[in-house]
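Visitor: Dropping the structure in here first, questions after.
Residue numbers (my numbering): 173 to 396.
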């Protein structure tokens, strides 16, 4: 008896996240027939805590579900005020905010985050047609932004980068020492400045020699 191998295709890995009722569906786990789907969360691997802020319930639920499947602990809020309360109640490692213009609250969430002892990086999810709003958010201190609709992999990479930045900042604050990248940048800056210092040093040496000569001349006059 010949057993034919059945081809398995994953139709969900390239899903695009968008606003509206389809968001929760797009956030579902990739489904593979005949195989067992195991998420990072199911294996007990937790990468950090992410706060999801979005007024649209379906969009928020989709983001939350997908982040949990990727191994993050997730808390969620429907608006900026609720998010601020959660940030005061517990530390989070990153914030993913569906940032909509004219929501009635302005930028109070970003202002609040900046005032925290250890501010988490904020990723803005910007609706199509509101690019200028996203630019303003970046100017006000957001870590990164992403235009809706977007591929899940794009957000996944930005969240991972935000958590790396948060850990680096926390380590720097704890040790009081710059990170490896910052130390290298400081060293490169010092090397770049050294030629200028080299040009100054001969002049400085000549000045010292002149002063020393004048001092000896005065000593000779006094002896005479």
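Ideal Cβ positions, reconstructed from N, Cα and C, are used throughout, including at glycine.
If distances are taken between C-alpha atoms only, which option among 288, 297, 245 and 238 comes closest to residue 270?
Guide: Sequence index remark: in the chain shown, residue 270 carries index 98 (1-based). Selected option, being the one with the closest Cα: 297.
Visitor: Could you give the residue range of the beta strand (DSSP E) that holds residue 296?
Guide: By one-based count along the chain shown, residue 296 stands at place 124. Note, residue 296: beta strand (DSSP E), 294-298.
Visitor: Report buried or exposed for residue 327, applying the criterion of at least 16 other Cβ atoms within 10 angstroms of its Cβ.
Guide: By one-based count along the chain shown, residue 327 stands at place 155. Its Cβ being crowded by 16 or more others within 10 Å, residue 327 is buried.
Visitor: Compare the beta carbon distance of residue 295 and residue 330 with 8 Å and say whether it is the shorter of the two.
Guide: The count along the chain shown starts at 1 and reaches residue 295 at position 123. The count along the chain shown starts at 1 and reaches residue 330 at position 158. Going by C-beta atoms, residue 295 is nearer than 8 Å to residue 330.
Visitor: Taking all protein chains shown into account, do 16 or more other C-beta atoms lie within 10 angstroms of the C-beta of residue 250, making it buried, or fewer, making it exposed?
Guide: The sequence position of residue 250 within the chain shown is 78, counting from 1. When all chains shown are included, residue 250 counts as exposed.
Visitor: State the DSSP-derived secondary structure class of residue 288, mapped to helix, strand or coil.
Guide: The count along the chain shown starts at 1 and reaches residue 288 at position 116. Residue 288: coil per DSSP, three-state reduction.
Visitor: Is residue 237 helix, strand or coil by DSSP?
Guide: Here residue 237 is taken as the residue at index 65 of the chain shown, counted from 1. Of the three classes helix, strand and coil, the one that applies to residue 237 here is helix, per DSSP.
Visitor: Is residue 323 helix, strand or coil by DSSP?
Guide: As a first step, residue 323 must be located in the chain shown, where it is residue number 151. Note: residue 323 maps to strand in three-state DSSP.
Visitor: Check whether the region 333-342 touches the region 299-314, taking contact to mean three or more Cβ pairs, one atom from each stretch, closer than 8 Å.
Guide: no
Visitor: Check whether the region 237-257 touches the region 266-281, counting contact only when three or more Cβ pairs, one atom from each stretch, lie closer than 8 Å.
Guide: yes
Visitor: State the DSSP-derived secondary structure class of residue 336, mapped to helix, strand or coil.
Guide: Locating residue 336 in the chain shown gives position 164, counting from the first residue. Helix, per DSSP.
Visitor: I need the straight-line Cα distance from residue 303 to residue 235, nearest angstrom please.
Guide: Taking the chain shown and counting its residues from 1, the one referred to as residue 303 is at position 131. Taking the chain shown and counting its residues from 1, the one referred to as residue 235 is at position 63. Rounded to the nearest angstrom, the two C-alpha atoms are 21 Å apart.
Visitor: Can you tell me which of the three DSSP states residue 314 falls into?
Guide: Mapped onto the chain shown, residue 314 falls at position 142. Three-state result, residue 314: coil.
Visitor: Round the Cβ separation of residue 285 and residue 267 to the nearest angstrom and send it over; I've been treating them as touching at under 8 Å.
Guide: Within the chain shown, the letter at position 113 stands for residue 285. Within the chain shown, the letter at position 95 stands for residue 267. That pair is a contact at about 7 Å.
Visitor: Given a cut-off of 8 Å on the beta-carbon distance, is the pair residue 333 and residue 305 in contact?
Guide: Along the chain shown, read from residue 1 onward, the residue named residue 333 stands at position 161. Along the chain shown, read from residue 1 onward, the residue named residue 305 stands at position 133. No, they are not a contact pair.
Visitor: Let me check understanding here. Comparing Cα to Cα, which of 231, 289 and 224 lies closest to residue 190?
Guide: In the chain shown, residue 190 corresponds to position 18, counting from 1. For residue 190, the nearest C-alpha among the options comes from 231.
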